[in-house]
Amino acid sequence: MQPDKPAVLDYLRTLQRRITDRFGELDPGGPFRTDSWQRPGGGGGETRISRGGTLLEQGGVGFSHVMGTGLPPSASQSRPELAGARWEAMGVSLVFHPVNPYVPTTHLNVRFFIAEPDQGPPVWWFGGGFDLTPYYPFDEDVLHWHRVARATCEPFGPQVYDEHKAWCDRYFFLRHRNETRGIGGLFFDDLNDGGFERCFTYQQAVGNAFLDAYVPIVERRRSLPYTDRERQFQLYRRGRYIEFNLVYDRGTLFGLQSGGRTESILMSLPPQVRFEYDWHPEPGSPEARLYSDYLRPRDWLGEL
144 MQPDKPAVLD
154 YLRTLQRRIT
164 DRFGELDPGG
174 PFRTDSWQRP
184 GGGGGETRIS
194 RGGTLLEQGG
204 VGFSHVMGTG
214 LPPSASQSRP
224 ELAGARWEAM
234 GVSLVFHPVN
244 PYVPTTHLNV
254 RFFIAEPDQG
264 PPVWWFGGGF
274 DLTPYYPFDE
284 DVLHWHRVAR
294 ATCEPFGPQV
304 YDEHKAWCDR
314 YFFLRHRNET
324 RGIGGLFFDD
334 LNDGGFERCF
344 TYQQAVGNAF
354 LDAYVPIVER
364 RRSLPYTDRE
374 RQFQLYRRGR
384 YIEFNLVYDR
394 GTLFGLQSGG
404 RTESILMSLP
414 PQVRFEYDWH
424 PEPGSPEARL
434 YSDYLRPRDW
444 LGEL
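Residue numbering for the sequence shown follows our numbering, beginning at 144 and increasing consecutively.
Here you go:
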């Protein structure tokens, strides 16, 4: 079956609208501003940004559909045979940085890529996933997040959750810090096994599960009182988010190398952040527990 690009585009636009509509209900004081843009090399997108509300200090949900000829290094290094091919990339990506330190930062991305070389059939794949980056984790929230992830994967085979959870742990890992970015979730890339329809169905399942996974955590934690201590720790840990996105993230590198809109690509960066030289948490503190108990790969559903 040939890839149905219009169906993927329709789903992605609908997903962006569903998520921004839901968070518009949760945070009416921070409506999403829409920024439509065109890429000089071909295509464009629509970025929706929320700032100044009581829930999100900054939230961005971006849709993009870009195309060109000749892949950037971030995409062609593992597929040199496609280096000069015509290509299209489409996706939805979001990052939410909440106000309250007890509400985790979160990320979702679902994307589709297709290259059409001069010789041979099109080469396509899906990628994406979602992950959670808490500052003060609650076991109840971690379990809920991973239960939704597991339930999302179950219709596609008993091994899918374990494989894509492990992939998430490997991918969202700051090697220079020897720590995970958060408590993980799901991650997959280069997915084309089983044909287009099956892979597209899985991508939709992952995208649709995001609100089920994240909104209950938001509703439980958004009104918890906090002090400047928790706020300062949140700002410090946001620095790790910046480190990962600018050093390791393939999507960020692809967007910048392919001539995408810089502001939309870097919407994932938090509006405020704090860096400290060689800072360490106080032993026995809640901050120390984040490092000792959460910032490492774990079998959450088996251990908690």
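Even for Gly, the Cβ is constructed at its ideal location relative to N, Cα and C.
Nonlocal neighbours in the same chain, by C-beta distance under 7 Å from residue i, ignoring five residues either side
| i | result |
| --- | --- |
| F206 | L155, R156, Q159, G188, E189, V235 |
| G211 | G184, G185, W230, S401 |
| L152 | H208, M233 |
| T163 | F175, R191, V204 |
Same chain, Cβ closer than 8 Å to residue i, neighbours up to 5 away in sequence not counted
| i | result |
| --- | --- |
| F315 | D274, T323, R324, G325, G327, F330, F387 |
| L334 | W268, F269, G270, C342, Y345, Q346 |
| P244 | Y278, Y279, Y369, E373, R374, F376, Q377 |
| Y434 | E322, P424 |
| D336 | C342 |
| R290 | L444 |
| D312 | T323, G327, P440 |
| A431 | P424, E425 |
Cβ shell of residue i (< 6 Å), same chain only, five flanking positions each side left out
| i | result |
| --- | --- |
| T248 | H240, T276 |
| A284 | Rather than Ala, the amino acid found at residue 284 in this sequence is Asp. Closer than 6 Å at the Cβ level, and outside the excluded window around D284, lie I360. |
| L286 | L447 |
| A348 | T295 |
Limits of the unbroken alpha helix (DSSP H) element including residue i
| i | result |
| --- | --- |
| F387 | 371-390 |
| E446 | 443-446 |
| G272 | Not the alpha helix (DSSP H): G272 falls in the beta strand (DSSP E), residues 266-276. |
| F315 | Run containing F315: none; DSSP gives neither H nor E here. |
| F299 | First-last for F299: undefined, no H or E at that position. |
Per-residue DSSP class, three states only, for residue i
| i | result |
| --- | --- |
| I326 | coil |
| P359 | helix |
| P429 | helix |
| G188 | strand |
| N252 | strand |
| D305 | helix |
| E259 | strand |
| F343 | helix |
| D282 | helix |
| S401 | coil |
| R364 | helix |
| F114 | Residue coverage of the chain in this structure runs from 144 to 447, which leaves residue 114 outside it and unanswerable. |
| R290 | helix |
| R194 | strand |
| W310 | helix |
Chain D contact for residue i (CB, 8 Å cutoff)
| i | result |
| --- | --- |
| F418 | Looking for chain D here will not work: only one protein chain is present. |
Contact test: residue i Cβ vs the ligand FAD heavy atom, cutoff 7 Å
| i | result |
| --- | --- |
| Y314 | Among the components modelled here there is no ligand, and therefore nothing to report on the ligand FAD. |
Segment limits, beta strand (DSSP E) that includes residue i
| i | result |
| --- | --- |
| S435 | Per DSSP, S435 belongs to no beta strand (DSSP E) and is neither H nor E. |
| P149 | No beta strand (DSSP E) holds P149; the alpha helix (DSSP H) holding it covers 148-169. |
| H208 | 199-212 |
| D178 | 175-181 |
| V235 | 229-241 |
Integer Cβ distance of residue i from residue j, believed to fall under 8 Å
| i | j | result |
| --- | --- | --- |
| D170 | L199 | 6 Å |
| R417 | V246 | Their Cβ separation, rounded to whole angstroms, is 18 Å, which puts R417 and V246 out of contact at 8 Å. |
| G172 | G196 | 4 Å |
| V204 | R194 | With a Cβ gap of about 13 Å, V204 and R194 do not count as contacting. |
| P413 | Q201 | 7 Å |
| V253 | G382 | About 27 Å; that fails the 8 Å criterion. |
| G398 | I408 | 4 Å |
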